[in-house]
Amino acid sequence: EWLLLRWRGPVRWGFVAGGKCGPPPAIDNGDIISFPLLEYPPGAKVEYKCQNLYKLEGSKQVACRNGKWSKPPSCLEACTASPEDMVRNNIELKWSDSKKLYTETGEVIEFTCKLGFMKAPGSPSFQAQCLQGRIIYPKCIEGKFHFPLC
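Quick note on numbering: the sequence shown equals residues 1 to 150 in UniProt numbering.
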């Protein structure tokens with residue numbers, strides 16, 4: 001014997017909370033830290049890691065929900081203090097023992113004028129922040145004195 005019921009509203013299935021997911025989305029300059037599968041069950045989580053010197057922005061984990069992955073993180077580009085740009089702007093790294101030309105986004109690189117040069121009027125800050133692969137370099141012009149920035 002069958003019992004017929006009338007149901008008002010959406011049908012909710014606790015054990016069928018969405019479909020499976022395919023491989024997690026690829027991200028530029030980053031990878032998942034586990035071996036990728038062809039298929040993931042609902043609720044599965046995968047963790048990402050950025051390549052060296054790239055900075056992870058967003059959640060490092062994505063989750064499979066209703067057959068779709070949650071939003072993946074992004075890897076923000078590192079900066080390179082270019083020797084050519086430093087020569088062009090008559091600047092050098094502030095700390096003479098520092099050979100650090102690479103820095104993560106958000107970090108600061110400190111510059112100073114080369115000997116015989118001084119800060120150009122309207123020059124950007126000598127504490128330049130790396131912003132997604134870009135550095136705004138300070139500028140120095142020829143001058144009688146070398147003014148170190150403390």
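In this text, a Cβ means the ideal position worked out from N, Cα and C, and glycines have one as well.
- For residue 138 against residue 91, the beta-carbon gap comes to about 6 Å, under 8 Å, which counts as contact.
- For the 8 Å CB-CB criterion, residue 22 and residue 42 do not form a contact.
- A check of alpha carbon separations from residue 88 across 39, 141, 28 identifies 141 as the nearest.
- About 41 Å separates the beta carbons of residue 64 and residue 81, which is beyond the 8 Å limit, so they are not a contact pair.
- The criterion of a C-beta distance shorter than 8 Å is not satisfied by residue 36 and residue 56.
- If you look at residue 65, you'll find it in the beta strand (DSSP E) that goes 61-65.
- In its chain, beyond the 5 residues on either side, 29, 30, 56, 75 have a beta carbon closer than 7 Å to the beta carbon of residue 50.
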